[in-house]
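Structure, as structure tokens:
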Amino acid sequence: MLGLHAIQGGIKLAKNILIINGATRKNGNTDIIINKIIEGSINEKAKINLIELRNKKINDCIGCYTCYEKNKCSINDDMKEILVSINRSDMIIFASPIYWWGVTGIMKIFIDRLYFYYSSRNKNLISGKKALVIAPMNMKQDNYKTKIFIEFFNILFDNLELVKINIFFFDNISEKGEILNNPDHIEQAYTIGKDL
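Each residue of the sequence shown is one higher than the one before, counting from 54 in my numbering.
Here it is as structure tokens:
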């Protein structure tokens, strides 16, 4: 796993980056972080595709295992186009505020649908892609509050054979736009984008 120090050291990570925004609140702290990441990446020749889950229709996985048998998902919704975007990317950024030590509901539904890639028929479409996580939180970061969140993504990335870059926490922000009062967080988001 590469830490922030490695990214700041100038390692260019990806050219086609897919950001999955799992925030339900428009123009909130997660959106601001994402915008700063995009701003930082503008001159770095990285192509960024932003998908905001709150604007998509994504149904729950129904456990039908069609993806194991026919290389496709049986559910006809916006996840079909998102799967195409995932296939074309070489890095996926999962952005979600922490709700009850986990991701938002819409992000969890999206992640459940990634079971498509757990099939041996489809795993080659995602295996080896880089992945990182952006996680605003309204608490001070400590091991107790982030342990479940970190373990969830570690297991997800291991099972999908994604290359984990890092999980970036932006702590002590709750109110809409509150991150703008924290220059260290803003700088961190910009730096992440600059060094993608």
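Where a beta carbon is used, it is the ideal one built from N, C-alpha and C, also for glycine.
Between the CA atoms of residue j and residue i - distance to the nearest angstrom
| i | j | result |
| --- | --- | --- |
| Ser138 | Ser94 | 19 Å |
| Lys98 | Ile179 | 22 Å |
| Asn69 | Asp248 | 13 Å |
| Pro189 | Lys123 | 38 Å |
| Lys200 | Arg174 | 32 Å |
| Asp237 | Asn191 | 16 Å |
Coil, strand or helix - residue i by DSSP
| i | result |
| --- | --- |
| Glu105 | strand |
| Val137 | helix |
| Asn74 | strand |
| Leu249 | coil |
| Gly230 | coil |
| Pro150 | coil |
| Met160 | helix |
| Met132 | helix |
| Leu57 | Low confidence applies to Leu57: its pLDDT is 47, below 50, so where it sits in the model is not reliable enough to give any reading. |
| Leu215 | coil |
Residue i Cβ short of 7 Å to the ligand GDP heavy atom set
| i | result |
| --- | --- |
| Asp113 | With respect to the ligand GDP, the structure shown offers nothing to examine, as it has no ligands at all. |
Own chain partners of residue i with C-beta closer than 8 Å, once the 5 adjacent residues on each side are dropped
| i | result |
| --- | --- |
| Phe309 | Residue 309 is absent from the model: the chain starts at 54 and stops at 249. |
| Phe210 | Ala184, Val216, Lys217 |
Same chain, Cβ closer than 6 Å to residue i, five either side skipped, listed in chain order
| i | result |
| --- | --- |
| Phe221 | Ile187 |
| Ser172 | Cys120, Tyr121 |
| Phe147 | Ile73, Val186 |
Assumed close pair residue i, residue j - CB separation to whole angstroms, cut-off 8 Å
| i | j | result |
| --- | --- | --- |
| Lys182 | Val216 | 7 Å |
Contacting residues, own chain, Cβ-Cβ under 7 Å from residue i (five flanking each side not counted)
| i | result |
| --- | --- |
| Asp130 | Lys110, Ile111, Asn112 |
Can you confirm whether the region 69-87 touches the region 97-113 when touching is taken to mean that 3 or more C-beta pairs between the two stretches lie within less than 8 Å? The region 97-113 is in contact with the region 69-87.
Decide yes or no for the touch test of the region 109-127 against the region 215-229: beta carbon pairs closer than 8 Å, at least 3 of them. no
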